[in-house]
Amino acid sequence: MTAVPKTGASPLDPDDLIDWFTANARPLPWRAPGTTGWGVLVSETMLQQTPVKRVQPVWEEWMRRWPKPSDLAAATQGEVLRAWGKLGYPRRAVRLHETATVIATEHGDVVPSDVETLLSLPGVGEYTARAVAVFAYGKRAPVVDTNVRRVVARAVHGAGDAGPPSTKRDLADVAALLPEEDARAATMSAALMELGQVICTARSPLCQQCPVLADCAWNRAGRPAYAGPPKKVQKFAGTDRQVRGKLLDVLRNSPGPVTREQLDAVWSDAGQRDRCLDSLLVDGLVEQTDDGRFALPGEH
DNA sequence: CACGCGTGGCT
DNA sequence: TAGCCAAGCGT
266 MTAVPKTGAS
276 PLDPDDLIDW
286 FTANARPLPW
296 RAPGTTGWGV
306 LVSETMLQQT
316 PVKRVQPVWE
326 EWMRRWPKPS
336 DLAAATQGEV
346 LRAWGKLGYP
356 RRAVRLHETA
366 TVIATEHGDV
376 VPSDVETLLS
386 LPGVGEYTAR
396 AVAVFAYGKR
406 APVVDTNVRR
416 VVARAVHGAG
426 DAGPPSTKRD
436 LADVAALLPE
446 EDARAATMSA
456 ALMELGQVIC
466 TARSPLCQQC
476 PVLADCAWNR
486 AGRPAYAGPP
496 KKVQKFAGTD
506 RQVRGKLLDV
516 LRNSPGPVTR
526 EQLDAVWSDA
536 GQRDRCLDSL
546 LVDGLVEQTD
556 DGRFALPGEH
């Protein structure tokens, strides 16, 4: 082991990150020893755009209720959507249900471990496929989420924040940082994400507590402000997304099918209401009953 | 590649 | 207080 001097444009030292993570990782339930590939896949899917705090209790209930992919596959879509609750983006629940069926029927009820196969599953994209391969199976692969992109933008490139995503470049950036050995690479991937979540945060980074401060290009540059193209801010109030959420909430809060009148009550703009209800039907999040009422899929 | 897709907490 | 932000995916 040769000591690498922390001067100039040195890359991040895997040991600094691994040691820090080993001592400071939050004890999240899906990180517990013995968590299956299925447990990791469910957690990663729930964590897509939803904070840890809200995911944790729902994940624990899901693991108790559906410990294997075949268990979830046997549930109705309505049951799955109810159990998804208010995590948001409920199409994720529908896709996870589909994926459970594929795993149960085509992969022996075991979550695949290679990125290519994982990528073929509904709702599993570049991030989730690698997260499962790395965190569940200890493989060496770049895992790039918004946190890692921010850490790399700062520590490696000296920028205030990540610019627009570029999958190929982002993956290459992170791959170049990983140590050779699988297990150490996997731990470093987890450490990069954790660092972005708890230290190298978007708004008020805690640089004093950062394990790689000495190697950070952004710190060396005097922590300049983000200079890239302005980030798009997503509107919510008044959008179809809000209306769809309200419609689905009526269904979740009812034990069975509801009338058109009950749905009409949640939004005054009839045109937008109808468009949203139609899109929910198209997405398979709502079904119409024979008598013209509306229900969660499989619940009539 | 830009956009649509939920929800709630934080500053 | 009204953005801003949060372990993305599919089209």
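Numbering (the numbering used here), first residue to last: 266 to 565. For glycine and all other residues, C-beta sits at the position ideal for the given N, C-alpha and C. Treat the numbers as computed from the prediction; the structure is a model and nothing was measured.
message = Please report the straight-line C-alpha distance between A398 and Q527, rounded to a whole angstrom.
response = 44 Å
message = Give me, in chain order, the residues of the same chain whose beta-carbon lies closer than 8 Å to that of A451; leave out the 5 immediate sequence neighbours on both sides.
response = V399, F400, G403, K404, R405
query = Buried or exposed: R415, going by 16 or more other Cβ atoms within 10 Å of its Cβ?
reply = buried
request  = Assuming A348 contacts T366 (C-beta within less than 8 Å), just tell me the rounded distance between them.
outcome  = About 16 Å; that fails the 8 Å criterion.
message = Let's see if you can read the secondary structure: which residues bound the alpha helix (DSSP H) around F501?
response = Annotation: F501 is outside any alpha helix (DSSP H) and is labelled neither H nor E by DSSP.
inquiry  = Tell me the residue span of the alpha helix (DSSP H) that contains Y392.
reply    = 391 to 400
query = Helix, strand or coil: how does DSSP classify E564 here?
reply = Three-state result, E564: coil.
request  = Pull up the DSSP beta-bridge partners for V523, would you.
outcome  = For V523, which the question treats as bridged, DSSP gives the partners F559.
inquiry  = Taking the beta carbon of L352 as the centre, do at least 16 other beta carbons fall within 10 Å, making it buried, or is it exposed?
reply    = buried
inquiry  = What does the alpha-carbon distance come out to for the pair R517 and L346?
reply    = 8 Å
inquiry  = Is the separation between the beta-carbon of P387 and that of T364 shorter than 8 Å?
reply    = yes
ask   = Whose CA, out of R538, M458, T524, lies closest to the CA of A290?
value = M458
key: Range covered by the alpha helix (DSSP H) that runs through R469   = The sequence as given places Ser at residue 469; Arg does not occur at that position. Counting along the chain, S469 falls outside any alpha helix (DSSP H), and DSSP gives it neither H nor E.
key: Beta-bridge partners of Q553, as assigned by DSSP   = F559
ask   = Where L443 and S454 are concerned, what is the direct C-alpha to C-alpha distance, given to the nearest angstrom?
value = Using only the alpha carbons, I get a separation of about 8 Å.
message = Could you check whether the stretch 486 to 503 touches the stretch 295 to 308, counting it as contact only if at least three pairs of C-beta atoms, one from each stretch, sit closer than 8 Å?
response = no
request  = Count the other C-beta atoms from every protein chain shown that fall within 10 angstroms of the C-beta of D556, then say buried if there are 16 or more, exposed otherwise.
outcome  = exposed
query = When you compare each of K318, D280, P355, A448 to P294 by their alpha carbons, which one comes out closest?
reply = Checking every option, the nearest Cα to that of P294 belongs to K318.
request  = Using the Cα positions of D374 and V551, report the straight-line distance between them to the nearest angstrom.
outcome  = 28 Å
inquiry  = What does the Cβ neighbour count give for Q342, buried or exposed, with the cut at 16 atoms within 10 Å?
reply    = buried
message = Suppose you measure from the CA of G428 to the CA of R419; what does that come to, to the nearest Å?
response = 11 Å
ask   = Mind checking S469: buried by the 16 CB within 10 Å criterion, or exposed?
value = exposed
query = Can you tell which of S378, V531, D514, D336 has its C-alpha closest to the C-alpha of G350?
reply = D514
inquiry  = Using C-beta distances below 7 Å, list every residue in its chain close to D529, excluding the 5 sequence neighbours before and after it, in chain order.
reply    = R538
inquiry  = Cutting at 7 Å between CB atoms, please list the residues of its own chain near D435, excluding the five before and the five after it.
reply    = Closer than 7 Å at the Cβ level, and outside the excluded window around D435, lie V409, R414.
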